[in-house]
Amino acid sequence: MFGGRFGVVVAPNWEVDVSAMRADWGAGAVTPNVSRGLGFWAYNGAAELQRGSFLFRTEWLRSGVETEVVDTVAMTSTVETVKRWGGYAQASVRIGDWEPVFRFCHVHANEAEPDDQLTQYGFGLNYYITPSISIMGAFELNRDRFDMGNDLSNNRFLVHWAFGF
Numbered sequence: 013m014f015g016g017r018f019g020v021v022v023a024p025n026w027e028v029d030v031s032a033m034r035a036d037w038g039a040g041a042v043t044p045n046v047s048r049g050l051g052f053w054a055y056n057g058a059a060e061l062q063r064g065s066f067l068f069r070t071e072w073l074r075s076g077v078e079t080e081v082v083d084t085v086a087m088t089s090t091v092e093t094v095k096r097w098g099g100y101a102q103a104s105v106r107i108g109d110w111e112p113v114f115r116f117c118h119v120h121a122n123e124a125e126p127d128d129q130l131t132q133y134g135f136g137l138n139y140y141i142t143p144s145i146s147i148m149g150a151f152e153l154n155r156d157r158f159d160m161g162n163d164l165s166n167n168r169f170l171v172h173w174a175f176g177f
């Protein structure tokens, strides 16, 4: 695997990052792709902007993985690349020990399948017990079409405790 990340502080409290990677993960097993290397690639862009107690973050990723598709009748294979993309944007504002959060997320799991996607809107409220310990509650409105193109509503409430250092 080979990859890297490059970040630039564009202005005080504003950072932009880009990264990329390429990896080999296996080899084909069926003619004409016997021993042909199969790979994975990904690149992304991210940004963070903070103004006082307001924080905006976003990150978007595009990736591809090569897979061997075998025709079991003819005993031949082809190599296909499954491409994916997705990301999120999140805004929050700290008001004392409280932090309301809004988040948008979209994932397209396979560009060749238009219905393989998830869209999410999240609304949350975080409470900071200390600067590094918080209790977080959220409600997510999830719309996914991963299950055979059916439009499913998988909404949920989340509560969790987080700590860092």
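In our numbering, the protein residues as written are 13 to 177. Backbone N, C-alpha and C define an ideal beta-carbon position, used for all residues, glycine too. Note that this is a predicted model, so its numbers are computed, not measured.
query	result
Closest by C-alpha distance to G16, when choosing among E152, D29, E80, D109	D29
Residues near N122 by beta carbon distance below 6 Å, same chain, minus five either side	V94, D128
Close Cβ partners of P112 (< 6 Å) along its chain, the five nearest in sequence each way excluded	L137
Counted within 10 angstroms of its Cβ, other Cβ atoms place V120 as buried (16 or more) or exposed	Contrary to the premise, residue 120 reads as His rather than Val in this sequence. Buried, by the Cβ-count rule.
Identity of the residues DSSP links to G57 by a beta bridge	V30, W72
CA-to-CA distance, L130 to E78, given in whole angstroms	22 Å
Close Cβ partners of M87 (< 8 Å) along its chain, the five nearest in sequence each way excluded	V42, T43
Beta-bridge partners of N154, as assigned by DSSP	Q132
N-terminal and C-terminal residue of the beta strand (DSSP E) that F177 is part of	Segment: none, F177 is in no beta strand (DSSP E) and carries neither H nor E.
P112: first and last residue of the uninterrupted beta strand (DSSP E) it sits in	110-120
Local conformation of V42 per DSSP, three classes	coil
Helix, strand or coil at V85 [DSSP, three-state]	coil
Contact check, V82 vs E92, beta carbons under 8 Å	no
Residue from T70, F14, W26 with nearest C-alpha to F116	T70
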